[in-house]
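Heads up: the sequence shown begins at 12 in the numbering used here, then just goes up one per residue.
Heads up, the beta-carbon is just placed ideally off N, CA and C, and yes, glycines get one too.
Here's the structure, in structure tokens; my notes come after.
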Amino acid sequence: MKLAEAAASLGIATELADVATLQRRITESADPIDETAFFHETIAEYGWARDVAGLAPSTLQTLLKPVLELCDNFDCVPWRLTSRQFDQYFAGPGKRHHSTQPSGRLHLAHTALEAGHD
Numbered sequence: 012m013k014l015a016e017a018a019a020s021l022g023i024a025t026e027l028a029d030v031a032t033l034q035r036r037i038t039e040s041a042d043p044i045d046e047t048a049f050f051h052e053t054i055a056e057y058g059w060a061r062d063v064a065g066l067a068p069s070t071l072q073t074l075l076k077p078v079l080e081l082c083d084n085f086d087c088v089p090w091r092l093t094s095r096q097f098d099q100y101f102a103g104p105g106k107r108h109h110s111t112q113p114s115g116r117l118h119l120a121h122t123a124l125e126a127g128h129d
């Protein structure tokens, strides 16, 4: 109950604090085999739901293929992928990856523009 009281004092809904706590516990104790099984079950359920909804098999494959390829390439589940892995994957084999993260100057300029609109 102390967590809920602390969250309420900070103006955070107690339900969100409970979800954050549960998510942190799940992340800390997640077994890679369980995560992989959960990912495969989720993909299968998504495919089944889209198929039942009338999505064409070719469209379904087009939606699922990039996700499966990326996860197979790095042997991990999607929520464990890092921006660096995305950069490496999309640069191609043997090529230097270019960062998809904004540079410091570009980020500062963007922040300054946003501040002017307040």
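Excluding residues up to 5 positions away in sequence, 85 lie with their Cβ nearer than 6 Å to the Cβ of residue 96 in the same chain. Inclusion of residue 78 and residue 50 in the CB contact set at 7 Å is not warranted, their separation being larger than that value.
Less than 7 Å divides the Cβ of residue 100 from the Cβ of residue 81. Across the structure, residue 64 and residue 72 are spaced so that their CA atoms are roughly 15 Å apart. In this structure, the straight-line span from the alpha carbon of residue 75 to that of residue 54 is close to 8 Å.
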